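Right, one structure below, let's go through it.
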Amino acid sequence: NFRGGVPLSLGLLPADWDMLYLDYCIPHNPPLFNAHFFKCKYTWSTGAYVLSKRGVRKLLKNLPVDGPVDNYIAKQQWTGTFNAYIANIGTQKFCNQQMADSDIEHSISAPSPKAENGGGSVVRGLSAPPGRTNRSESG
Numbered sequence: 658n659f660r661g662g663v664p665l666s667l668g669l670l671p672a673d674w675d676m677l678y679l680d681y682c683i684p685h686n687p688p689l690f691n692a693h694f695f696k697c698k699y700t701w702s703t704g705a706y707v708l709s710k711r712g713v714r715k716l717l718k719n720l721p722v723d724g725p726v727d728n729y730i731a732k733q734q735w736t737g738t739f740n741a742y743i744a745n746i747g748t749q750k751f752c753n754q755q756m757a758d759s760d761i762e763h764s765i766s767a768p769s770p771k772a773e774n775g776g777g778s779v780v781r782g783l784s785a786p787p788g789r790t791n792r793s794e795s796g
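Using the working numbering, the first residue of the sequence shown is number 658, and each one after it goes up by one.
Below, the structure is given as C-alpha cells:
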C-alpha cells in the first residue's frame with residue numbers, strides 16, 4: 658500500500674516530525690506511536706525517507722557531518738533533538754541478528770579518516786546509543 662499509504666501518512670504525522678522512514682529494517686518490533694507510526698529512538702538506515710522542511714534545516718545547520726549520516730541521525734534521535742517516525746504501511750521489515758553475518762563492511766569496523774591519521778574514530782562514537790558498547794570496542 659505504498660502509493661496510497663505515503664500521502665495518507667504525511668497528513669497524519671505529528672506536528673513535530675523531522676523525518677519519516679518509508680522502508681526500514683528494525684531488529685525488533687517497537688511499540689506503535691499511534692495506529693500509523695512507530696516512533697524511532699535509534700535507527701541505522703537511510704534507504705527511503707521523507708524530510709520535513711524543519712528536518713532539512715536541522716540537518717543542514719550541523720554540516721559537515723564526520724561519519725555515516727545514518728549514525729549521525731540516530732544520535733540526534735537518541736538525544737531527542739530529531740523526531741523520526743516509521744510509517745506503518747507494511748514496508749518495514751523486522752530483522753534479526755542474522756543480518757550481522759553479511760559480508761558488507763559495517764561502519765563499526767571501518768576506520769574513519771581521523772583514525773587513520775591518528776585522530777581517533779568519530780564513527781565509533783556514533784555507532785551505538787550512549788551507554789552501549791560496540792562489538793569492535795568490546796573485543
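Glycine included, each C-beta is placed from N, C-alpha and C at the ideal position.
Because the structure is a prediction, the values reported are computed rather than measured.
Suppose the cutoff is 8 Å on Cβ atoms and the five residues either side in sequence are ignored; what does the same chain contact list for residue i look like?
i: ASP675; result: LEU708, SER709, ARG711, GLY712, LYS715, PHE739, ASN740 and ALA741
i: ASP673; result: ASN740
i: LEU667; result: LEU677 and VAL707
i: PRO720; result: Per the sequence presented here, residue 720 reads as Leu, with Pro not at that position. If we look at LEU720 and ignore the five residues flanking it on each side, it has no Cβ neighbours.
Would a C-beta distance cut-off of 8 Å place residue i and residue j closer than the cut-off?
i: LEU670; j: LEU677; result: yes
Taking 8 Å as the CB-CB limit, is residue i close to chain C?
i: TRP701; result: Absent here is chain C; the protein component of the structure consists of one chain.
Suppose you measure from the CA of residue i to the CA of residue j; what does that come to, to the nearest Å?
i: VAL722; j: ASN691; result: 32 Å
i: THR700; j: HIS693; result: 18 Å
i: GLY737; j: ALA705; result: 21 Å
i: LEU679; j: LYS732; result: 19 Å
Skipping 5 residues on each side, what residues in its chain have a beta carbon closer than 7 Å to that of residue i?
i: PHE695; result: PRO687, LEU689, TYR742, ILE743 and ASN745
i: GLN734; result: CYS697, LYS698, TYR699, THR700 and ALA741
Among the candidates the options, whose CA atom is the shortest distance from the CA of residue i?
i: LEU717; options: ALA705, ILE730 and LYS698; result: ILE730
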